[in-house]
Each structure stands twice: as structure tokens, then as C-alpha cells.
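Chemist: After the C-alpha cells below, expect a handful of questions from me.
2 protein chains.
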Amino acid sequence: MGRPREFDVEKVLAAAGDIFWARGYEATSTRALTERTGLTPASLYNAFGDKRGFYLRALRYYLDQTLRERITRLESSLSPGRAIATFFREIIARSLADPKHRGCMLMNTAIEVTPEDPEMQRIVADETVVIERFFHRCAVAAQKNGEIPRSEPAEDIARMLLALLVGLRVLARVRPDAKLLNGLVRPTLAMLGLSLPRGKGS
Amino acid sequence: MGRPREFDVEKVLAAAGDIFWARGYEATSTRALTERTGLTPASLYNAFGDKRGFYLRALRYYLDQTLRERITRLESSLSPGRAIATFFREIIARSLADPKHRGCMLMNTAIEVTPEDPEMQRIVADETVVIERFFHRCAVAAQKNGEIPRSEPAEDIARMLLALLVGLRVLARVRPDAKLLNGLVRPTLAMLGLSLPRGKGS
DNA sequence: TCGCATGTAGATCGATCGATCTAGAAACGC
DNA sequence: GCGTTTCTAGATCGATCGATCTACATGCGA
């Protein structure tokens, strides 16, 4: 089977994700990637195909490590209403804790992807659907158990929460201010009969 | 004073803005700009300095033509509550009417700007403050005249509406779907006692 | 009418881009 | 131990980047 890889794929994806996350796809050169990861161009291209494939892998790794992890953890351990509120609390804490103010890699990708790359566009769109479905499941269950009112359909509540999340993550990049981020979430949760829980976020 | 310009600066800014808006800063080459505007590199660099300065001018032109125009128009002709609702209706209509699904040039800039360019970051941040202040003025006035409830402070309502707008504009880029965009605005407006007015947007 | 500042046209600059090539090292199956 | 395969190292490819240069055209002030 030949010589095995010497580097840790996950570590490389995390390192590459860091720089892709902060600077975006176009502004990140393959030189910067080799320097940051410590790998040679040959190793990178051999392992990940090309720059675009490398970005896709790094994005997927990011999503698995942060977004999907958070959804499954909160959904399995909290009531639907508290899952929604805690989701936002964690995102706010995470956004404020990042000294580089990178926002969310998924949203950054959503903006940067051009119409010439429909595949990447679909990947991003599908991932927002995953988030929307999480909110929808929570909204349905929370309306059932009385945590949030039934005045609005769960579908629209999920859409609203998705938009709020996107706005939060994008604003966190240009205005990483605790008053702004907390304040923007508070009225929506309050109107749903929820509130931001205390405690530090993950 | 020498030979005058042969081209229309506003037309050039509009044309350049089109491509910057759709593809972003990094992915737009100076070649594409010269081809799209019909100007030679010398004319562009002579008139606008460099690529970054050109982008800044195009962005400012875009903001003056769309965002600031809309704010002053709605604020001077409608009640504060209806100004908020109509603002969102127009944005939704505009987002859906754009066949290229470019979203909002300001939000696109907010995402693409790197930490290495604090000046551009500040320009974007300041512009979001302009929007937030518009919402804040509307919220204060609407709470005063009873159009929206006083259960939440106007500051937070403005922050929430800003985040909703950002989310709406970003999602419009990857998922330009009428059900999503209308649905995401509806619950928030409903909770404020407002609703999306009828009629086509601008 | 003429000097000249400023325009336009288009070739072309060095730098850097993403990607590949050659060379050699290392670990697997046998 | 040997052949094979896949790895790493680092130079380097052609293309394209943002930006500039030379050459020339044009219209204003006097």
C-alpha cells in the first residue's frame, strides 16, 4: 500500500480552516496554506486535489466540529425552548471570544461563493436548511409543550431564527460588541417567551 | 485645465459596482473591470487611484443609490411602523427581482473584508450603524404613537431588525426563495404588531 | 493659435497566483 | 530483502494578477 501519510489530516484541516475562515477563499493563497499547515504543495495537492477541494474539506470539517456538534448536543440534552435559547447564547459567547472576529465560516462562504460555482452554492444552501430544520423541530416541539406560543407557524419561526442567526454571525464579524449581539437576540427570544440563559457559552 | 473626461463617472461606478457586487473584491480582476466599463486601465487608475479605491467609490455609490435613498424616502413619507414594514417589503422584492441573486453589496463587503483592512471594516461597520439608527428612530416613534408595543426597549428592537435585515440579505444570495424571505420577516413584524404591506416593492 | 495639462490606447512591467514536476525517502506486501 | 507505491522536498511551470509606461489625442486658458 505504499508509504503512509506523516501528517494528521484533522490537524491540517483545522489549520487550513483557520486561515480560510479568517481571510476567505480568494484571498488565501496556496503559499499561505503550505506555510500555515507545514505541508509542501505536493502533499496538499496529493491529499486534497486542488485549492477548491481543500476548502470544501476544511469547510465540512468546520461544520462537523461546530455546527452539527452543537445541534445534536443541545437537541439531545435540553428542552426545545431551552435548546433554541442556549444555541444563541453559545453562538454569542463564541463570537465574542474569537479575537480575530471571523464570524461564521459557513456564512462567509455563502457570501463569497460566485454564481459560477453552483455546487458550492448548493452545499451552503443545504447547510442552512439543516439549521432551519433544527429550529423547526425545536419550534414544533416547543409549541407542543407550551414553551413558545402558537401565534406564528413553526415554519416561519424557524425561518426567522435562521435569519437572526445569520445576521448575528455576520454582524459579529464587523461589530463584535456584546451589547449589540445580546441585544439583537433578546427581543426575538422574549417574544417567543424565552430568554438568554446565564453561564458561559462553549 | 486640460482635456475633460469622456466617460460618465456615475455610469462607470454603476457598471463596476455590478461586477464587484456579484463577484466580490478579490475575485474581480482589473481586466474584468476594464472590459465591463469600457475604460482603459490608465483611465481607471487615473480616475480612481487603485482597485481598492475604485471598490470604495463603487460601494459608496451603491449605498447612496439604494440604502440611503430608501431610508430618507420611507422616513419622510410613512408612519414609523409602516416605514419599517415597507422597508422590509422593498428589500424582499428587490432581492427576489435580482436574477443574479447578489444579495447586498454592503453585507458582501462586510464578510469579505479582512482584519488587515481596518479602514474598510470601519466603513462597513459605520454603515450598519446608519441602518440601526434608522430602525431606532422608527422604533422610538412607533412606540410613542402606539404602532408597536413598549415591551422591549427601542435600542434592542433596532438591533433585532438590523440582524433580521442582514440575515435576509445574506440568505437572499444563497436561497432566493419567496417563501423563505417572506416567512422569515413575518413573525418578527407580527410580534411588533406590524405586517408586510401589499404592493410591489421598488 | 498654441502651450500644456489631462485625457485615452494598448503594450508590458514585476509579482504572485494555482498547480505540477523531478528527485529522493520511507514503509507496506510478499 | 526487494519491488512497489505513496510519501516529502523544493524548484519551477505558464497564467494572470494589479499596476504602470510610452505614445499619442484632445480640449481648455491665454
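As they're listed, the protein sequences go chains P and W.
Heads up, the working numbering is the position in the first sequence plus 34, with the first residue counted as 1.
Heads up, the working numbering is the position in the second sequence plus 34, with the first residue counted as 1.
Using N, Cα and C, we set each Cβ at its ideal position, and we do this for glycine too.
1. Going by C-alpha distance, which of P/Arg94, P/Ala50, P/Ala117 is nearest glutamate 181 of chain P?
2. Note down, in chain order, every chain W residue with its Cβ under 8 Å from the Cβ of threonine 148 of chain P.
3. Can you give me the C-alpha to C-alpha distance between isoleucine 209 of chain P and proline 38 of chain P, rounded to a whole angstrom?
4. Can you tell me the Cβ-Cβ gap for alanine 173 of chain W and alanine 192 of chain W, rounded? I've got them flagged as a contact below 8 Å.
5. Over what stretch of residues does the alpha helix (DSSP H) that includes serine 129 of chain W continue unbroken?
6. Would you give the residue range spanned by the alpha helix (DSSP H) that lysine 85 of chain P belongs to?
7. What would DSSP say about leucine 228 of chain W, mapped onto helix, strand or coil?
8. What is the DSSP secondary structure of asparagine 179 of chain P, counted as helix, strand or coil?
9. Give the range of the alpha helix (DSSP H) segment to which serine 111 of chain W is assigned.
10. With DSSP as the reference, label arginine 184 of chain P as helix, strand or coil.
11. Using a Cβ-Cβ distance under 9 Å, would glycine 180 of chain P count as near chain W?
12. Cβ of serine 185 of chain P less than 9 Å from any chain W Cβ?
13. Which two residues bound the contiguous alpha helix (DSSP H) that contains serine 77 of chain W?
14. If you run the structure through DSSP and keep just helix, strand and coil, what is threonine 62 of chain P?
15. For the stretch 114 to 146 of chain W, which residues have a beta carbon sitting closer than 8 Å to at least one beta carbon of chain P?
16. Does the stretch 210 to 221 of chain P come close enough to the stretch 124 to 140 of chain P that 3 or more CB-CB pairs lie under 8 Å?
17. Counting only Cβ pairs nearer than 8 Å, list the residues of chain P close to glutamate 189 of chain W.
Modeler: Put simply:
1. For the purposes of this step, residue 181 of chain P is taken as residue 147 along the first sequence, with counting starting at 1. Minimum Cα distance to glutamate 181 of chain P is reached at P/Ala117.
2. The residue you call residue 148 of chain P lines up with position 114 of the first sequence. Residues of chain W passing the Cβ test: Ala56, Arg57, Gly58, Ala61.
3. Sequence index remark: in the first sequence, residue 209 of chain P carries index 175 (1-based). Sequence index remark: in the first sequence, residue 38 of chain P carries index 4 (1-based). It is arginine, not isoleucine, that sits at residue 209 of chain P in the sequence shown. Computed Cα separation, rounded: 45 Å.
4. If you number the second sequence from 1, residue 173 of chain W lands on position 139. If you number the second sequence from 1, residue 192 of chain W lands on position 158. Confirmed, about 5 Å.
5. Counted from its first residue, the second sequence places residue 129 of chain W at position 95. 114 to 131 is the extent of the alpha helix (DSSP H) around serine 129 of chain W.
6. The residue you call residue 85 of chain P lines up with position 51 of the first sequence. Residues 85 to 97.
7. The residue you call residue 228 of chain W lines up with position 194 of the second sequence. Correct three-state label for leucine 228 of chain W: coil.
8. Residue 179 of chain P sits at position 145 when you count from the first residue of the first sequence. Three-state result, asparagine 179 of chain P: coil.
9. In the second sequence, the residue the question calls residue 111 of chain W occupies position 77. Run containing serine 111 of chain W: 103 to 111, per the alpha helix (DSSP H) assignment.
10. Reading the first sequence from its first residue, position 150 is the one you call residue 184 of chain P. Coil at arginine 184 of chain P, not helix or strand.
11. One-based indexing of the first sequence puts residue 180 of chain P at position 146. False, the Cβ-Cβ gap to chain W never drops below 9 Å.
12. For the purposes of this step, residue 185 of chain P is taken as residue 151 along the first sequence, with counting starting at 1. Taking Cβ atoms only, chain W reaches closer than 9 Å to serine 185 of chain P, which makes this a yes.
13. Reading the second sequence from its first residue, position 43 is the one you call residue 77 of chain W. 75 to 82 is the span of the alpha helix (DSSP H), which, as asked, contains serine 77 of chain W.
14. One-based indexing of the first sequence puts residue 62 of chain P at position 28. Threonine 62 of chain P: coil per DSSP, three-state reduction.
15. Lys134, His135, Gly137, Met141, Asn142, Ala144, Ile145, Glu146
16. yes
17. Numbered from its first residue, the second sequence carries residue 189 of chain W at position 155. Within 8 Å Cβ-Cβ: Gly217.
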